[in-house]
Every structure is written in C-alpha cells, then in structure tokens.
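**Student:**
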C-alpha cells in the first residue's frame with residue numbers, strides 16, 4: 404500500500420490495519436507445516452506470519468485510537484470519521500469474535516463519546532463540511548439514514564429511557580463546536596464552526612470557518628472538498644503543493 408506506514412494517526416491506519424488483520428485471521432493456518440522464505444537468512448511458517456501481522460495491527464491501532472481523545476471527534480472531517488469507523492468497527496468486531504476480547508480497544512479515552520460527533524456535526528440541511536468534506540446536502544439530522552450495519556450490530560437489549568441529546572457540543576482537540584435550537588424542528592437555527600489545527604491529512608487552512616442553517620436553508624457554507632483529480636491535491640505531507648489551491652488555503 405503506497406500510503407501505509409507504521410503509526411499513522413489518520414483513517415488509513417484503520418483501513419490498512421483492519422484489512423491486514425481480517426485477512427490474516429481469514430487465512431490463519433491451523434498448523435506450522437507451510438514454511439516460507441522471508442529473505443536469504445530467514446524462514447517463517449505461514450501461521451507465524453499471520454500471527455505476526457495480527458499482533459502488529461492490534462498494537463499499531465493504539466495510535467489511531469488516541470485521535471478520539473478527549474471527546475470523540477475526528478479531526479479529518481465528518482465523512483472521514485464515517486470512513487474510519489466503517490473499517491474500525493469491522494476490525495474490532497472481528498477481534499471480539501475470534502479472540503473473545505477487544506484487548507481494551509473500546510476503552511480508549513474518548514471513544515465511548517464518538518457516536519455523538521456525527522450527530523452534532525449534522526445540521527438541518529447537511530453536515531459541517533470542514534477540511535476535505537463535501538457539502539453533505541440532503542444529509543439533514545432529521546433524515547433517517549440506515550445501513551446493513553444497523554442490522555448486523557442491532558442490540559435488542561439496549562434501552563435508555565432517559566436518553567437526551569444536548570443542543571450544544573464542544574469537542575476539544577478537534578476544536579469543533581455545534582449549537583442548535585432544536586433536534587426536531589427543521590426550520591430552527593444551527594450554527595457550527597471549526598477551529599483547531601490546520602495541518603494533517605485532508606486538512607485545509609480553514610480555522611475559524613463556520614456553517615449556518617436557518618429556516619431549512621444553508622446561509623453560510625464551507626467550500627470543502629475540491630476534488631482529488633487535481634495535481635498535487637492528494638499530497639497530504641506536502642503543504643506547499645496541496646495549499647496552492649484556493650479552497651485549501653482560503
């Protein structure tokens with residue numbers, strides 16, 4: 404994988420390590436009969452190779468789990484939160500099923516709060532599309548969006564009679580704020596802004612930008628994603644090239 408390396412604090416950590424771990428578990432031999440040449444001086448059994456990759460993936464996951472600290476927000480954007488959780492949830496579920504433990508991954512500080520982040524980051528007409536995120540039109544908070552994962556992980560034993568969402572959220576670290584007049588009135592006001600750092604993968608120099616929904620209309624927007632087909636736009640580690648485009652530096 405071109406972009407994969409140890410200790411990534413981005414969505415790519417969950418994507419690559421999740422794929423490696425699940426693949427290694429899927430083909431894990433029951434015995435040590437198959438031997439492979441790793442290099443001129445080293446041989447390993449197929450089972451040991453798989454186990455080595457499984458252990459590495461679980462340990463390397465510690466880096467990306469630290470990104471949820473302290474309040475569960477995701478710095479890359481709302482859409483990349485979804486992308487990260489998609490692979491992360493499948494990886495953790497695989498670990499739980501196969502090893503009867505999650506190795507305390509779910510106890511990572513801030514992770515228990517992360518479900519509130521995409522909810523609070525969604526207004527009446529769409530999301531706060533800071534950094535490399537699209538406008539998110541048609542994804543209002545009052546519109547139901549379901550997926551096959553709702554069926555796979557649906558828990559009939561979960562019941563919270565006194566569950567209530569706050570109207571105002573502040574996420575430290577990501578420095579993300581969301582304030583709304585109502586969770587059920589699509590015409591109410593919703594204001595959300597993004598401060599914090601402007602470096603890292605998928606970052607824009609958009610500190611201080613905000614979005615505003617009122618009366619079912621978005622009155623202030625973030626320009627968001629420009630498209631990945633421009634030269635050097637995907638140069639995540641080279642801000643000089645990436646920020647030559649207006650919407651990444653304005």
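In my numbering, the protein residues as written are 404 to 653. The C-beta atom is built at its ideal place from N, Cα and C for all residues, glycine as well.
#1: Around the Cβ of residue 581, are there at least 16 other Cβ atoms within 10 angstroms (buried) or fewer (exposed)?
#2: Going by the CB atoms, is the gap between residue 479 and residue 607 shorter than 8 Å?
#3: Would you identify the three-state DSSP class for residue 533, choosing helix, strand or coil?
#4: Below 8 Å on the Cβ atoms is my contact criterion, and I expect residue 460 with residue 424 to pass it. Report the Cβ-Cβ distance as a whole number of Å.
#5: For residue 613, I'd like the list of residues in its chain whose CB is within less than 7 Å of its CB, leaving aside the five on either flank, ordered along the chain.
#6: Residue 591 and residue 527 look like a contact to me (Cβ under 8 Å); what is the Cβ gap, rounded to whole Å?
#7: Can you name the start and end residues of the beta strand (DSSP E) that residue 515 belongs to?
#8: DSSP puts residue 445 in a beta bridge; with which residues?
#9: Do the stretch 443 to 455 and the stretch 481 to 496 touch if we need at least three Cβ pairs shorter than 8 Å?
#10: In terms of residue numbering, what span does the alpha helix (DSSP H) encompassing residue 424 cover?
#11: With distance defined between alpha-carbon atoms, name the residue in 509, 589, 453, 467 nearest to residue 434.
#12: Looking at C-alpha atoms only, which residue of 500, 430, 496, 535 is the closest neighbour of residue 609?
#13: Find out if the Cβ-Cβ distance for the pair residue 515, residue 468 is shorter than 8 Å.
#14: Identify whether residue 482 lies in helix, strand or coil by the three-state DSSP scheme.
#15: With 16 other CB atoms within 10 Å as the buried threshold, where does residue 439 fall?
#16: For residue 470, which residues of its own chain have a beta-carbon under 6 Å away from its beta-carbon, when the five flanking residues on both sides are left out?
**Tutor:** Walking through what the data contain:
#1: As a first step, residue 581 is located in the chain shown; it is residue number 178 there, counting from the start. It is buried - the Cβ of residue 581 has at least 16 other Cβ atoms within 10 Å.
#2: Position 204 of the chain shown, counted from the first residue, corresponds to residue 607. Position 76 of the chain shown, counted from the first residue, corresponds to residue 479. Result no, Cβ atoms of residue 607 and residue 479 do not sit closer than 8 Å.
#3: Taking the chain shown and counting its residues from 1, one reaches residue 533 at position 130. Under the three-state reduction of DSSP, residue 533 is assigned to coil, being neither helix nor strand.
#4: For the purposes of this step, residue 460 is identified with residue 57 of the chain shown, where counting begins at 1. For the purposes of this step, residue 424 is identified with residue 21 of the chain shown, where counting begins at 1. 4 Å between Cβ atoms; contact.
#5: On the chain shown, position 210 is the one that residue 613 refers to. When the five nearest sequence neighbours on each side are left out, the beta carbons in the same chain lying within less than 7 Å of the beta carbon of residue 613 are those of 594, 595, 596, 623, in order along the chain.
#6: Looking up residue 591 in the chain shown gives position 188. Looking up residue 527 in the chain shown gives position 124. Residue 591 to residue 527, Cβ: 7 Å. Contact.
#7: Sequence index remark: in the chain shown, residue 515 carries index 112 (1-based). Looking at the DSSP string, residue 515 is not in any beta strand (DSSP E), and its letter there is neither H nor E.
#8: Numbered from its first residue, the chain shown carries residue 445 at position 42. Its beta-bridge partners are 442.
#9: no
#10: Within the chain shown, numbered from 1, the residue matching residue 424 stands at position 21. Its alpha helix (DSSP H) spans residues 414 to 429.
#11: Numbered from its first residue, the chain shown carries residue 434 at position 31. Of the listed residues, the one whose Cα sits closest to residue 434 is 453.
#12: Taking the first residue of the chain shown as position 1, residue 609 is located at position 206. With distances taken between Cα atoms, residue 609 lies closest to 535.
#13: For this step, residue 515 is matched to residue 112 along the chain shown. For this step, residue 468 is matched to residue 65 along the chain shown. Result no, Cβ atoms of residue 515 and residue 468 do not sit closer than 8 Å.
#14: Walking along the chain shown from the start, residue 482 turns up at place 79. It is helical.
#15: Translated into the one-based positions of the chain shown, residue 439 becomes position 36. So residue 439 counts as exposed.
#16: Counting from 1 along the chain shown, the entry for residue 470 is found at position 67. The residues are 412.
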